[in-house]
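Colleague: Residue numbers for the sequence shown, in our numbering: 653 to 800.
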Amino acid sequence: MPPTTRSATPAPPTAVDIQDDAVRLDISFRPHTRRVAHLRHIAGSLLAEGGIGQDVVETVQLLVSEIVTNAVVHGHTDRVRFSVSYDRSGRDDVLIEVDDGHPARIKVRSPESDDETGRGMFLVDALARAWGRHGTRTWCTVATGEAP
């Protein structure tokens with residue numbers, strides 16, 4: 653009997669754009685919890701390369717973790733679409749967007765201190781400059797503190 657082989661998972665469609673005054677990452681991936689850490693790291697590296705301060709990068713990474721986790725756990729699609737962008741010439745915010753294919757309204761919960769889950773959108777609401785839901789896409793912005 654021949655040995656069993658496993659085919660490699662194809663790389664997700666990705667677009668990265670780094671310019672002097674803007675950075676953008678667009679990626680589509682199959683929902684899996686391991687993607688959360690990957691996207692947190694990639695977004696942080698991209699923004700740091702684009703000149704965003706460490707405090708802002710850390711806040712963005714936390715919010716990426718929360719929004720992507722929600723999409724992976726609660727979404728209804730075989731591909732999640734994620735983007736993070738910053739345009740120094742247009743606005744002074746980092747924009748995070750995740751499309752999970754699920755048009756449900758998102759609820760901000762007030763978890764009890766011993767609850768193990770339910771803090772994701774609570775953190776987004778507390779740390780993002782603004783956030784919302786448009787169709788199946790959840791978005792939030794993080795202020796960089798830089799004037800346009």
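Even glycine gets a Cβ: it sits at the ideal position worked out from N, Cα and C.
Quick caveat, the model's predicted, so the values are computed rather than measured.
1) Helix, strand or coil for Ser741 per DSSP?
2) Determine contact between the stretch 713 to 728 and the stretch 680 to 694, defined as no fewer than three beta-carbon pairs at a distance below 8 Å.
3) Note down the Cα distance separating Val776 from Arg731, rounded to an integer number of angstroms.
4) Cα-Cα, which of Ala795, Gly797, Trp791 and Thr796 is closest to Ser717?
5) First and last residue of the beta strand (DSSP E) that includes Ile679?
6) Does the Cβ-Cβ distance between Thr796 and Asp744 come in under 9 Å?
Modeller: Answer, in terms of the structure:
1) coil
2) yes
3) 22 Å
4) Trp791
5) Ala674 to Phe681
6) yes
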